[in-house]
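Position 137, counted from 1, in the sequence shown is what the working numbering calls 183; the numbers after and before it change by one each time, with no gaps. C-beta: ideal position from N, C-alpha, C; glycine also. These numbers come from a predicted model, not from an experiment. Have a look at the structure below before the remarks.
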Amino acid sequence: MALFSSKKSAARLTEPQLVPEHIGIIMDGNGRWAKKRGLPRQAGHVTGAKVFRTIAKHCEKRGIKVATFYTFSTENWKRPQEEVDAIMNLLREYLKESLADFKKENIRTRFIGDRSMLAPDIQELMAEAEEATAQKDGMILNIAINYGGQAEIATAVRAIAQDVKDGALDPDAIDETCIEQRLYTAGQPPVDLILRPSGEYRLSNFLIWQCAYAEYVFDEILWPDFTTADLDRALDVYAGRHRRFGGV
Ligand code: IPE
Ligand code: IPE
Ligand code: MG
47 MALFSSKKSA ARLTEPQLVP EHIGIIMDGN GRWAKKRGLP RQAGHVTGAK VFRTIAKHCE
107 KRGIKVATFY TFSTENWKRP QEEVDAIMNL LREYLKESLA DFKKENIRTR FIGDRSMLAP
167 DIQELMAEAE EATAQKDGMI LNIAINYGGQ AEIATAVRAI AQDVKDGALD PDAIDETCIE
227 QRLYTAGQPP VDLILRPSGE YRLSNFLIWQ CAYAEYVFDE ILWPDFTTAD LDRALDVYAG
287 RHRRFGGV
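Structure representation (structure tokens):
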């Protein structure tokens with residue numbers, strides 16, 4: 047079957063107003079992919095990490111301004127220690143390699159989530175990766191690690207309470223912007239499109255504030271099998287959506 051149903055459909059991918067400014071990707075299905083092959087779950091994470099790099103670069107190529115990838119949630123600590131360690135080691139490896147690799151790309155890397163629970167060397171590598179790409183003017187790549195949408199909002203609320211306590215903020219001035227400015231994604235556009243492969247139809251605590259008016263595209267493909275053509279297909283579905291934002 048042809049990837050696109052018509053010429054009009056293929057053209058939609060290059061029309062800036064039809065490309066999401068901000069895409070959120072829930073990289074799910076690594077474990078099931080490995081299990082299907084009789085491999086340990088970790089093998090799925092290894093392949094998933096490679097797919098992440100390919101898809102991140104393709105997002106930039108498609109003109110997306112911000113891409114946020116869900117890598118490790120605040121709930122993923124519940125997994126067996128062996129699996130958590132494997133994911134952290136992959137992150138370490140990625141950070142070391144990406145310092146060289148992503149320097150060639152026009153991509154700004156940022157990390158969102160609570161870093162304080164990560165190993166000190168990982169925290170250092172994260173800071174280095176952010177600093178090395180801070181001057182780029184291309185796509186912002188948010189990598190969500192130990193990220194939870196509810197924890198993010200709780201952190202923002204604590205900062206607001208502190209400002210009120212210090213007399214720097216009037217409670218009557220607390221509005222949506224005030225909260226938005228205290229999220230990890232402050233200053234970035236809201237999420238236009240959430241993409242979740244692997245056949246699960248939920249947000250799993252990802253960007254819950256930022257998704258207020260997001261479109262959703264779900265896919266049955268497991269993340270390690272996900273290709274640039276699959277991303278293009280999702281972008282095409284998005285381009286065909288009619289967004290109203292409460293209007294008519
Ligand atoms: C996503 O794949 C990666 C992480 C959550 C770290 P999973 O590991 O959740 O894979 P499944 O959902 O068990 O197949
Ligand atoms: C969401 O996937 C988190 C990431 C992809 C990093 P999970 O596999 O943890 O989500 P649930 O448990 O199926 O909701
Ligand atoms: Mg999963």
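On the three-state DSSP scale, how would you describe Ala165? By 1-based counting over the sequence shown, the position of residue 165 is 119. Ala165 falls in the coil class under three-state DSSP.
Chain-order list of residues whose beta-carbon lies under 7 Å from that of His91 (same chain, five-residue window excluded): Here residue 91 is taken as the residue at index 45 of the sequence shown, counted from 1. Contacts found: Asn76, Ala132, Ile133, Leu136.
What residue from Thr179, Asp147, Ala285, Glu139 has the CA that sits closest to Thr100's CA? Within the sequence shown, numbered from 1, the residue matching residue 100 stands at position 54. Taking only the C-alpha atoms, the option nearest Thr100 is Asp147.
Nearest-angstrom Cα distance between Ala280 and Tyr259? As a position in the sequence shown, residue 280 is number 234, starting the count at 1. As a position in the sequence shown, residue 259 is number 213, starting the count at 1. In this structure, the alpha-carbon of Ala280 lies about 17 Å from that of Tyr259.
Using a Cβ distance threshold of 8 Å, determine whether the stretch 115–129 contacts the stretch 147–156, with at least three qualifying pairs required. By the criterion of at least three beta-carbon pairs nearer than 8 Å, the stretch 115–129 is not in contact with the stretch 147–156.
Buried or exposed, going by whether 16 or more other CB atoms sit within 10 Å of the CB of Glu143? Walking along the sequence shown from the start, residue 143 turns up at place 97. The residue in question, Glu143, is exposed, as its Cβ has fewer than 16 Cβ neighbours within 10 Å.
Going by alpha carbons, who is nearest to Tyr230 out of Ile199, Cys257, Ala214, Ala178? Taking the first residue of the sequence shown as position 1, residue 230 is located at position 184. When each option's Cα is compared against that of Tyr230, the closest is Ile199.
Between Asp74 and ligand 3, is there a pair consisting of the residue's CB and a ligand heavy atom that are separated by less than 6 Å? Here the question's residue 74 lines up with position 28 in the sequence shown. Flag set: Cβ of Asp74 near ligand 3.
Within 6 Å: the Cβ of Tyr262 and any heavy atom of ligand 2? Translated into positions along the sequence shown, residue 262 becomes position 216. No, the Cβ of Tyr262 stays beyond 6 Å of every heavy atom of ligand 2.
Taking contact to mean 3 or more Cβ pairs, one atom from each stretch, closer than 8 Å, check whether the stretch 208–226 and the stretch 177–190 are in contact. They do not touch, by the three-pair rule.
Measuring CB atoms only, is the stretch 188–199 touching the stretch 261–274, in the sense that at least three cross pairs come out at less than 8 Å? Per the Cβ contact rule, the stretch 188–199 is not in contact with the stretch 261–274 (fewer than 3 Cβ pairs under 8 Å).
Could you pull out every residue in the same chain whose Cβ sits closer than 6 Å to the Cβ of Leu141, ignoring the five residues on either side in sequence? Numbered from its first residue, the sequence shown carries residue 141 at position 95. If the five residues before and after Leu141 are omitted, its C-beta is found closer than 6 Å to the C-beta atoms of Leu171, Ala175, all from its own chain and listed in chain order.
Just to confirm the assignment, what range does the alpha helix (DSSP H) spanning Phe98 have? For the purposes of this step, residue 98 is taken as residue 52 along the sequence shown, with counting starting at 1. Per DSSP, the continuous alpha helix (DSSP H) segment holding Phe98 begins and ends at 87–107.
By Cβ distance, which residues of its chain are closer than 6 Å to His104, with the 5 residues on each side in sequence left out? As a working mapping, residue 104 is identified with position 58 in the sequence shown. Beyond the five residues adjoining it in sequence on each side, His104 comes within less than 6 Å, by CB distance, of Thr274, Leu277 in the same chain, given in chain order.
Alpha helix (DSSP H) segment containing Ser144, residue limits: Within the sequence shown, residue 144 is the residue found at index 98, counting from 1. Note, Ser144: alpha helix (DSSP H), 127–147.
Determine the closest residue to His68 out of Gly245, Ile191, Leu187, Arg289, with distance taken between C-alpha atoms. Your numbering for residue 68 matches position 22 in the sequence shown. Distances from the alpha-carbon of His68 to those of Gly245, Ile191, Leu187, Arg289 put Leu187 closest.
State the beta-bridge partners of Arg242 as determined by DSSP. Numbered from 1 along the sequence shown, position 196 holds the residue referred to as residue 242. Its beta-bridge partners are Phe264.
Going straight from the alpha carbon of Ala165 to that of Leu239, what length do you get? Here residue 165 refers to the residue found at position 119 of the sequence shown. Here residue 239 refers to the residue found at position 193 of the sequence shown. Computed Cα separation, rounded: 32 Å.
Would you be able to state if there are at least three C-beta pairs under 8 Å between the stretch 105–120 and the stretch 239–258? Output reads yes: the stretch 105–120 touches the stretch 239–258.
Could you give the first and the last residue of the continuous alpha helix (DSSP H) run that contains Leu277? Against the sequence shown, residue 277 aligns to sequence position 231. Start and end: 274–285.
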